[in-house]
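One structure is given here, and the rest of the page talks about it.
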Amino acid sequence: MAVATIGLGANLGDREEAIDAALSALDALPVVHVVRVSSLRETDPVGYTDQPRFLNGAAQLETDMPPAALLAALLAVEAGLGRVRTGPRNGPRSIDLDLLLYGDLVVDEPGLQVPHPRAQERCFVLEPLVDLDPGLVIPGSGRAADLLAALSCTPGLVVRPQAPSVPR
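Just so we're aligned: 286 in our numbering is position 110 of the sequence shown, and the numbers increase by one with no gaps anywhere.
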(Lines of atoms letter the chains of each structure in order from A and count residues from 1; the text may use other names and numbers.)
(Lines give C-alpha, C1' and ligand atoms only; values in the text may rest on other atoms or scores of the structure.)
Protein backbone atom coordinates (compact mmCIF):
# COMPACT_ATOMS: atom_id res chain seq x y z
CA MET A 1 0.00 0.00 0.00
CA ALA A 2 1.12 3.53 -0.74
CA VAL A 3 0.94 6.40 1.73
CA ALA A 4 -0.71 9.47 0.25
CA THR A 5 -1.06 12.82 1.97
CA ILE A 6 -4.03 15.05 1.27
CA GLY A 7 -4.83 18.63 2.17
CA LEU A 8 -8.16 19.37 3.86
CA GLY A 9 -9.91 22.73 3.78
CA ALA A 10 -13.28 24.45 4.07
CA ASN A 11 -14.52 27.97 4.68
CA LEU A 12 -18.29 27.74 4.18
CA GLY A 13 -20.88 26.22 6.50
CA ASP A 14 -19.80 23.97 9.37
CA ARG A 15 -16.17 23.64 8.31
CA GLU A 16 -15.17 21.02 10.87
CA GLU A 17 -18.21 18.89 10.07
CA ALA A 18 -17.40 19.06 6.35
CA ILE A 19 -13.82 17.93 6.94
CA ASP A 20 -14.98 15.08 9.20
CA ALA A 21 -17.57 14.01 6.60
CA ALA A 22 -14.89 13.98 3.89
CA LEU A 23 -12.56 11.86 6.03
CA SER A 24 -15.38 9.43 6.81
CA ALA A 25 -16.31 9.16 3.12
CA LEU A 26 -12.69 8.46 2.19
CA ASP A 27 -12.22 5.91 4.96
CA ALA A 28 -15.39 4.13 3.80
CA LEU A 29 -13.79 3.41 0.42
CA PRO A 30 -12.56 -0.20 0.30
CA VAL A 31 -9.05 0.74 -0.87
CA VAL A 32 -8.43 3.78 1.36
CA HIS A 33 -7.65 3.93 5.06
CA VAL A 34 -7.24 7.23 6.91
CA VAL A 35 -4.16 6.71 9.09
CA ARG A 36 -3.44 10.11 10.64
CA VAL A 37 -5.07 13.53 10.71
CA SER A 38 -3.22 16.73 11.58
CA SER A 39 -4.45 19.49 13.81
CA LEU A 40 -7.09 21.67 12.17
CA ARG A 41 -6.12 25.33 11.97
CA GLU A 42 -8.05 28.46 11.16
CA THR A 43 -6.16 30.39 8.49
CA ASP A 44 -6.58 33.50 6.40
CA PRO A 45 -7.54 32.99 2.75
CA VAL A 46 -4.75 33.22 0.17
CA GLY A 47 -5.15 34.82 -3.24
CA TYR A 48 -8.83 35.75 -3.20
CA THR A 49 -9.04 37.37 0.25
CA ASP A 50 -12.64 38.68 0.32
CA GLN A 51 -14.06 35.54 1.92
CA PRO A 52 -14.35 33.82 5.32
CA ARG A 53 -11.34 32.26 7.05
CA PHE A 54 -10.50 28.65 6.25
CA LEU A 55 -10.18 25.61 8.44
CA ASN A 56 -7.19 23.66 7.10
CA GLY A 57 -5.45 20.40 7.88
CA ALA A 58 -3.94 17.33 6.28
CA ALA A 59 -4.36 13.58 6.47
CA GLN A 60 -2.24 10.58 5.62
CA LEU A 61 -3.99 7.75 3.82
CA GLU A 62 -2.96 4.21 3.00
CA THR A 63 -4.26 3.23 -0.41
CA ASP A 64 -3.90 0.80 -3.29
CA MET A 65 -5.36 3.39 -5.68
CA PRO A 66 -2.93 4.92 -8.17
CA PRO A 67 -2.58 8.72 -7.93
CA ALA A 68 -5.02 9.56 -10.77
CA ALA A 69 -7.71 7.30 -9.30
CA LEU A 70 -7.17 8.77 -5.83
CA LEU A 71 -7.54 12.29 -7.23
CA ALA A 72 -10.79 11.23 -8.93
CA ALA A 73 -12.00 9.81 -5.60
CA LEU A 74 -11.16 13.09 -3.83
CA LEU A 75 -13.13 15.06 -6.44
CA ALA A 76 -16.06 12.63 -6.12
CA VAL A 77 -16.11 13.05 -2.33
CA GLU A 78 -16.07 16.84 -2.76
CA ALA A 79 -19.00 16.65 -5.19
CA GLY A 80 -20.87 14.25 -2.89
CA LEU A 81 -20.53 16.79 -0.09
CA GLY A 82 -21.97 19.57 -2.26
CA ARG A 83 -18.86 21.31 -3.57
CA VAL A 84 -19.61 23.29 -6.69
CA ARG A 85 -16.56 24.36 -8.68
CA THR A 86 -17.68 27.81 -9.80
CA GLY A 87 -16.61 31.28 -8.77
CA PRO A 88 -13.15 32.78 -8.46
CA ARG A 89 -9.96 30.72 -8.28
CA ASN A 90 -9.08 30.16 -4.60
CA GLY A 91 -12.60 31.34 -3.74
CA PRO A 92 -14.93 30.10 -1.01
CA ARG A 93 -15.63 26.38 -0.81
CA SER A 94 -17.63 24.03 1.38
CA ILE A 95 -14.86 21.39 1.15
CA ASP A 96 -11.49 21.19 -0.55
CA LEU A 97 -9.43 18.00 -0.85
CA ASP A 98 -6.02 18.23 -2.51
CA LEU A 99 -3.63 15.41 -3.30
CA LEU A 100 -0.40 16.80 -1.85
CA LEU A 101 1.94 13.80 -1.83
CA TYR A 102 1.89 10.19 -2.95
CA GLY A 103 4.84 8.59 -1.18
CA ASP A 104 7.98 9.88 -2.87
CA LEU A 105 6.40 9.72 -6.32
CA VAL A 106 6.65 12.69 -8.69
CA VAL A 107 3.87 12.94 -11.29
CA ASP A 108 3.46 15.68 -13.90
CA GLU A 109 0.52 14.91 -16.17
CA PRO A 110 -2.34 17.02 -17.48
CA GLY A 111 -4.70 17.49 -14.53
CA LEU A 112 -2.38 15.83 -11.99
CA GLN A 113 0.77 17.16 -10.37
CA VAL A 114 2.29 15.40 -7.37
CA PRO A 115 3.68 16.82 -5.17
CA HIS A 116 1.12 19.60 -5.25
CA PRO A 117 2.87 22.39 -7.20
CA ARG A 118 2.34 25.11 -4.58
CA ALA A 119 2.60 23.06 -1.37
CA GLN A 120 6.05 24.41 -0.52
CA GLU A 121 4.79 28.02 -0.76
CA ARG A 122 1.80 27.74 1.55
CA CYS A 123 1.95 27.92 5.32
CA PHE A 124 -1.57 26.46 5.58
CA VAL A 125 -0.27 23.33 3.81
CA LEU A 126 3.14 23.07 5.48
CA GLU A 127 1.96 23.47 9.09
CA PRO A 128 -0.30 20.38 8.94
CA LEU A 129 2.37 18.41 7.06
CA VAL A 130 4.83 19.13 9.87
CA ASP A 131 2.16 18.02 12.38
CA LEU A 132 1.90 14.69 10.59
CA ASP A 133 5.64 14.13 10.30
CA PRO A 134 8.30 16.73 11.24
CA GLY A 135 10.79 14.89 8.99
CA LEU A 136 8.47 14.68 5.99
CA VAL A 137 10.19 15.46 2.69
CA ILE A 138 8.40 17.01 -0.27
CA PRO A 139 10.13 15.44 -3.30
CA GLY A 140 12.05 18.07 -5.24
CA SER A 141 11.58 20.74 -2.54
CA GLY A 142 12.99 19.52 0.78
CA ARG A 143 11.85 18.93 4.35
CA ALA A 144 8.46 20.45 5.11
CA ALA A 145 9.75 21.80 8.45
CA ASP A 146 12.64 23.60 6.72
CA LEU A 147 10.34 25.00 4.02
CA LEU A 148 7.94 26.26 6.70
CA ALA A 149 10.78 27.88 8.68
CA ALA A 150 11.89 29.74 5.54
CA LEU A 151 8.46 31.35 5.04
CA SER A 152 7.12 34.40 6.84
CA CYS A 153 3.85 33.10 8.23
CA THR A 154 1.47 33.86 10.98
CA PRO A 155 0.76 30.43 12.47
CA GLY A 156 -2.78 29.21 12.01
CA LEU A 157 -4.94 29.12 15.14
CA VAL A 158 -5.30 25.48 16.23
CA VAL A 159 -9.04 24.79 16.45
CA ARG A 160 -8.74 21.04 17.00
CA PRO A 161 -5.50 19.34 18.09
CA GLN A 162 -4.02 16.49 16.10
CA ALA A 163 -5.87 13.24 16.52
CA PRO A 164 -3.96 10.07 17.40
CA SER A 165 -3.20 7.54 14.67
CA VAL A 166 -6.20 5.54 13.53
CA PRO A 167 -5.58 1.77 13.70
CA ARG A 168 -7.34 -0.49 11.26
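No residue lacks a Cβ here, since even glycine has one placed at the ideal position from N, Cα and C.
Each of 261, 235, 228, 273 was checked against the Cα of residue 249, and the nearest Cα belongs to 273. The beta carbons of residue 185 and residue 214 sit about 12 Å from each other, so the pair does not count as a contact at 8 Å. With fewer than 16 other Cβ atoms inside 10 Å of its own Cβ, residue 337 counts as exposed. The Cβ neighbour count for residue 261, taken over all protein chains shown within 10 Å, is under 16; the residue is labelled exposed. Bridge pairing for residue 335: absent [DSSP]. Counting along the chain, residue 195 sits inside the alpha helix (DSSP H) bounded by residues 191-203. The beta carbons of residue 292 and residue 302 sit no closer together than 9 Å. Between the alpha carbons of residue 283 and residue 189 lies a gap of roughly 33 Å. Taking residue 238 as reference, the option from 222, 207, 252 with the minimal CA-CA separation is 207. In the DSSP assignment, residue 231 falls within the unbroken beta strand (DSSP E) covering 230-239. CA-to-CA, the gap between residue 312 and residue 323 works out to about 11 Å. DSSP places residue 260 outside both helix and strand once states are collapsed to three, so it counts as coil.
Nearest in C-alpha terms to residue 231, of all of 251, 304, 205, 240, is 304. Per DSSP, reduced to three states, the secondary structure at residue 227 is coil, with no helix or strand assignment.
Contact annotation: residue 275 and residue 247 have beta-carbon atoms nearer than 9 Å. By the C-beta density criterion, residue 265 is exposed, having fewer than 16 other C-beta atoms within 10 angstroms.
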